[in-house]
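For reference, the structure is listed below as structure tokens.
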Amino acid sequence: MIIPSITLGDGLTFPAITFGTYKLNGKAGVVSMKSAIEAGYHALDSAVNYENEGALGEAIRQSGHKREHLRIASKLPGRHHHFDEAIVMIEESLYRARLDYFDLYYIHWPNPKQGLYVEAWKALIEAKKRGYVRSIAVCNFLPEHLMKLKEETGVLPSINQIELHPYFPQAEQRAFNKQHGIVTQSWSPLGRASDLLTNPLLEKIAEKHGKSVAQIVLRWHHQLDAIPIPKATHHKRQMENKDIFDFSLTDEDMKSIATLARPDGRIKGQDPATHEGA
Ligand code: NAP
């Protein structure tokens, strides 16, 4: 099945689904990530803090896939927001992955208490100028953080990667991103395999469409114009999770799924206004 492609605000083409790699490490991680590339995932999401950039680079090489067809991402950790440290960290990420460039590099968390995310953003702008990175992005940025980037640098991110699943649909943040030409990407799109995947309402919708609950949830992301990043260790689920582009949820389905929203549906209560990523 062909995965549709979208174009980010800065012109980079990007597939409508990304493979998540958190907890995929070492040799077993290489096997999972290579399997995902072979399953047809062309975008893979990593981070310095996942400690798997090396395994990701190895999986890319073992897959034999053309580098230019892949979209490879990593993320700057909170402890390296100072400009010079951020540049060195991106260089170190490239050495670990044994890549010449990343397609995407994100600020992992804004860490507003620390207050250095504008400095980190200036480093990402510089990294793009140097050819280390094709597109620069953020995770977990609230509207006030995005506005500060715009005011102080004139540059907005191509993507804002945020926690997003039916228990935490983030309608306002999604609308804000869209209004500013920023694509929303959904982390923990399956609610990290919480009771979401056995929710009776979702089971009913899944039965109606002849799909799994995971596929219903991932399709819901797609119809919200968000790019989901499901992580799955084995090939079977990797195949299942990308098989979402041959059916549509009805307006009625979308409305029922909206009723699952909880005032604070975050999995681990990580509010970007107060959470400081390491
Ligand atoms: P997730 O993708 O929502 O859920 C992963 C869990 O779902 C795993 O336990 C997986 O098990 C299971 N699973 C996958 N497909 C399934 C299926 N078809 N049926 C049943 N279970 C299924 O959670 P996540 O890993 O937290 O988030 C996804 C990615 O988002 C991460 O890997 C990471 O790349 C990114 N992320 C970013 C941030 C950030 O701050 N920017 C934070 C968290 C995550 P198996 O592996 O055993 O198949």
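Once you know that position 266 of the sequence shown is 1366 in our numbering, the rest is easy, because the numbers rise by one and skip nothing. Yeah, the Cβ is synthetic: ideal placement off N, Cα and C, and Gly gets one too.
Let me confirm a value: H1245 is counted as buried when at least 16 other C-beta atoms fall within 10 Å, else exposed. Which label applies? Looking at its Cβ environment, which holds 16 or more other Cβ atoms inside 10 Å, H1245 is buried.
Please report the distance separating the alpha-carbon of I1305 from that of D1353. A straight line joining the alpha-carbon of I1305 with that of D1353 spans about 7 Å.
So, for I1316: in the same chain, excluding its five sequence neighbours on each side, which residues have a beta-carbon less than 6 Å away from its beta-carbon? Sequence-distant Cβ neighbours of I1316 in its own chain, meaning closer than 6 Å and more than five residues away, are L1302, I1305, A1306.
With respect to the alpha helix (DSSP H) encompassing D1110, which residues constitute its N-terminal and C-terminal limits? Per DSSP, D1110 lies in no alpha helix (DSSP H) and is assigned neither H nor E.
With a threshold of 6 Å on Cβ separation, who are the neighbours of P1047 within its own chain once the five nearest residues in sequence on each side are excluded? Residue 1047 is absent from the structure shown; the chain starts at 1101 and stops at 1378.
Please confirm whether T1253 and V1283 have their CB atoms less than 8 Å apart. No, these two residues do not count as a Cβ contact at 8 Å.
In angstroms, rounded to a whole number, what distance separates the CA positions of H1335 and E1138? The alpha-carbon atoms of H1335 and E1138 are separated by roughly 9 Å.
So for R1234, helix, strand or coil by DSSP? The answer is strand: DSSP assigns R1234 an E or B state.
Can you check DSSP and say which residues form a bridge with R1274? Residue pairing of R1274 in beta bridges, as defined by DSSP: absent, with no partner found.
Is it buried or exposed, I1172, if we count other Cβ atoms within 10 angstroms and call 16 or more buried? Buried: at least 16 other Cβ atoms inside 10 Å.
Measuring only from the beta carbon, is L1297 closer than 7 Å to any heavy atom that is part of ligand 1? Checking the 7 Å criterion, the Cβ of L1297 is within range of a heavy atom belonging to ligand 1.
Inter-residue spacing [alpha-carbon to alpha-carbon] between L1144 and R1337: Straight across, the Cα-Cα distance linking L1144 with R1337 is about 16 Å.
Based on Cα-Cα distance, which residue from A1332, E1192, E1340, H1265 lies nearest to P1363? In terms of Cα proximity to P1363, the closest of A1332, E1192, E1340, H1265 is H1265.
Take G1140 and list the residues in its own chain whose beta-carbon comes closer than 7 Å to its own, dropping the five residues that flank it on each side. If we look at G1140 and ignore the five residues flanking it on each side, its Cβ neighbours are I1103, K1342.
Run through the DSSP bridge pairs and tell me what V1283 is partnered with. Assignment of beta-bridge partners to V1283 by DSSP yields I1259.
Can you find the residues in the same chain that come closer than 8 Å, C-beta to C-beta, to K1213, ignoring five residues on each side of it along the sequence? Taking C-beta separations shorter than 8 Å and ignoring five residues to either side along the sequence, the partners of K1213 in its chain run T1374, E1376, following chain order.
Measure the beta-carbon distance from R1196 to E1153 and round it to whole angstroms, keeping in mind my assumption that it falls under 8 Å. Right, their Cβ atoms sit about 4 Å apart.
Excluding sequence positions up to five away, which residues of its chain have a Cβ less than 8 Å from the Cβ of S1258? Same-chain partners within the cutoff: L1108, G1109, D1110, L1112, L1204, S1235, I1236, A1237, I1282, V1283.
How far does the beta strand (DSSP E) with D1145 in it reach, from first residue to last? Per DSSP, the unbroken beta strand (DSSP E) holding D1145 starts and ends at 1143–1145.
Measuring alpha carbon to alpha carbon, tell me which of L1176, K1127, H1181 ends up nearest G1157. Closest option to G1157, Cα to Cα, is K1127.
Would you grab the beta carbon distance between N1240 and P1269 for me? Rounded to a whole angstrom, and I think it's under 8 Å. 16 Å between Cβ atoms; not a contact.
Tell me whether N1277, by its Cβ, gets closer than 7 Å to a heavy atom of ligand 2. Absence of ligand 2 from the depicted structure is noted, with ligand 1 being the only ligands included.
Nearest CA to the CA of A1155: which residue from S1174, E1192, G1129? The shortest Cα separation from A1155 among S1174, E1192, G1129 belongs to G1129.
Starting from F1268, follow its DSSP beta bridges and name the residues at the other end. Its beta-bridge partners are H1265.
Return helix, strand or coil for P1300, following the three-state DSSP convention. Annotated three-state conformation of P1300 is helix, per DSSP.
Among the residues of its own chain, which have a CB less than 6 Å from the CB of H1309, if the five just before and after it don't count? Same-chain partners within the cutoff: F1347.
By the DSSP assignment, the alpha helix (DSSP H) with D1353 in it spans what residues? Note, D1353: alpha helix (DSSP H), 1351–1358.
Check whether the Cβ of Y1122 sits closer than 7 Å to any heavy atom of ligand 1, and report yes or no. Checking every heavy atom of ligand 1 against the Cβ of Y1122, one is found closer than 7 Å.
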